[in-house]
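Colleague: Under UniProt numbering, the residue at position 215 of the sequence shown is numbered 215, and the numbers go up by one with no gaps. Ideal placement from N, C-alpha and C gives every residue a C-beta, glycine not left out. Values in this document were obtained by computation on a predicted structure and should not be read as measured data.
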Amino acid sequence: MSISTFNVWFDPFFSDRRYQAIADLLAADPPDVMVFQEVTDVAHENFLAQRWIREHYLSASVIGAGVGTYGMLLLSRVPVSAVRYTGLPSDARRGFLRAALLVNNARTVVCSVHLDSGKRSAPLRERQLGRIFRALDADSDAVVLGDFNMRDRENHLIERPFRDVWPTLRPGEDGYTEDTSINDMRYDNTGKNRHVRFDRVLLKGQQWRPESITLLGTEPISPEHPRVFPSDHFGVRCLLSARPPADP
1 MSISTFNVWF DPFFSDRRYQ AIADLLAADP PDVMVFQEVT DVAHENFLAQ RWIREHYLSA
61 SVIGAGVGTY GMLLLSRVPV SAVRYTGLPS DARRGFLRAA LLVNNARTVV CSVHLDSGKR
121 SAPLRERQLG RIFRALDADS DAVVLGDFNM RDRENHLIER PFRDVWPTLR PGEDGYTEDT
181 SINDMRYDNT GKNRHVRFDR VLLKGQQWRP ESITLLGTEP ISPEHPRVFP SDHFGVRCLL
241 SARPPADP
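(1) Residue range of the alpha helix (DSSP H) that residue 189 falls in?
(2) Evaluate residue 89 with the Cβ neighbour count: other Cβ atoms within 10 Å of its Cβ, from every protein chain shown; 16 or more gives buried, anything less gives exposed.
(3) Please report the residue range of the beta strand (DSSP E) in which residue 210 lies.
(4) Report yes if the C-beta distance between residue 215 and residue 196 is below 8 Å; otherwise report no.
(5) So is residue 211 buried or exposed if we call it buried at 16+ other beta carbons inside 10 Å?
(6) How far does the alpha helix (DSSP H) with residue 199 in it extend, from its first residue to its last?
(7) From 187, 213 and 192, pick the residue whose C-alpha is nearest to that of residue 164; which is it?
(8) The alpha helix (DSSP H) with residue 50 in it runs from where to where?
(9) Around the Cβ of residue 69, are there at least 16 other Cβ atoms within 10 angstroms (buried) or fewer (exposed)?
(10) Suppose contacts are defined by Cβ-Cβ distances below 8 Å. Is residue 243 in contact with residue 200 by that definition?
(11) Compute the Euclidean distance between the alpha carbons of residue 136 and residue 123, then round it to the nearest angstrom.
(12) Per the DSSP calculation, residue 242 is bridged to which residue(s)?
(13) Cutting at 6 Å between CB atoms, please list the residues of its own chain near residue 241, excluding the five before and the five after it.
(14) May I ask you to list the residues that DSSP assigns as paired with residue 178?
(15) Going by beta-carbon coordinates alone, are residue 56 and residue 77 separated by less than 8 Å?
(16) Would you say the region 46–63 touches the region 17–25, given that touching needs at least three Cβ pairs under 8 Å?
(17) Should residue 130 be labelled buried (16 or more other beta-carbon atoms within 10 Å of its own) or exposed?
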C-alpha cells in the first residue's frame, strides 16, 4: 500500500499552477491513499477536477466553517468503511481526519494530521499528539501522517508503539520537508533559512512493514519559473508492504 502526504500551501501565489504540479507529480505513480493539508476551496476543486482522481478515489474533506479558510483532504482507492474528523485543542482550529480502510480483509486506520505551528506551540503539540495517540489506542494497525510542525527536539513525543518511518528506513539522512537550501520559494516568502522535517509518516502495528520513503516536489514547477515550487513544503511518499499472516 502506497501513501502520501502533502501540505499544499494555502497562499494564492501561483496556486493553480502549483496545485496542478502536485497533481501531476502524484499522477505519475498514484498512491493508494493521499492526504493533504492547507487545502483551500481552490485546491479542493483542482484536485477533484483531475479525471484520474474522480474515477478511482473516494474523497473525504473538512474545509471552511469551524476549521478556518483551509483544511484537509483525504483520497483513497482502497475500500473505506468509516471516516471521522476530530477537533483538537488548538489556537488555529486544527484537528485530525481519519479513515478506516479494509485491506486484505483487515482494518487499518489512516489518520491525517496538521498540528499547530511555531516554537511556542510545542506544549500544545504535545497535547495534540497525545489526543491523537489515545484516539487510536483501540486500533492495532494505524498510520498517522501529515504536517506535525515538530522540530527534532520534540521527537520524544512519538510514543511506542508508533515509529517514525523516515529515520527507521533512512537513518542519518535529514529528510527536511522545509528546506530553503533547495526551495527558493520558501526562502523568498519569509526571508529566513529553514531546515526542518515537519512532514512525517508514523506507523503502528504488525500488518504493514515500511519498504521505502521519499520526498515529493523538490523541483521547480517549470524551467520558466525556477523559483516557484509545488509548495513551501515537500511532500512525502511511503510504500508499505503487507506482512504475511501469522501461523495459527
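Modeller: Once the coordinates are examined:
(1) Residues 184–190.
(2) It counts as exposed.
(3) Secondary structure note for residue 210: its beta strand (DSSP E) is the uninterrupted segment 208–216.
(4) For residue 215 and residue 196, no; Cβs fall outside 8 Å.
(5) Classification of residue 211: exposed, given that the 10 Å Cβ count is below 16.
(6) Residue 199 -> not in any alpha helix (DSSP H); beta strand (DSSP E) instead, spanning 199–204.
(7) Sorting 187, 213 and 192 by C-alpha distance to the C-alpha of residue 164 places 213 at the top.
(8) No alpha helix (DSSP H) holds residue 50; DSSP gives it neither H nor E.
(9) So residue 69 ends up on the exposed side.
(10) Result no, Cβ atoms of residue 243 and residue 200 do not sit closer than 8 Å.
(11) Using only the alpha carbons, I get a separation of about 20 Å.
(12) In DSSP, residue 242 forms a bridge with 208.
(13) For residue 241, where only same-chain residues beyond five positions count, the Cβ hits under 6 Å are 209 and 211.
(14) Residue 178 is bridged by DSSP to 196.
(15) Yes. Within cutoff.
(16) Counting Cβ pairs under 8 Å, three or more are found: they touch.
(17) Exposed is the call here.
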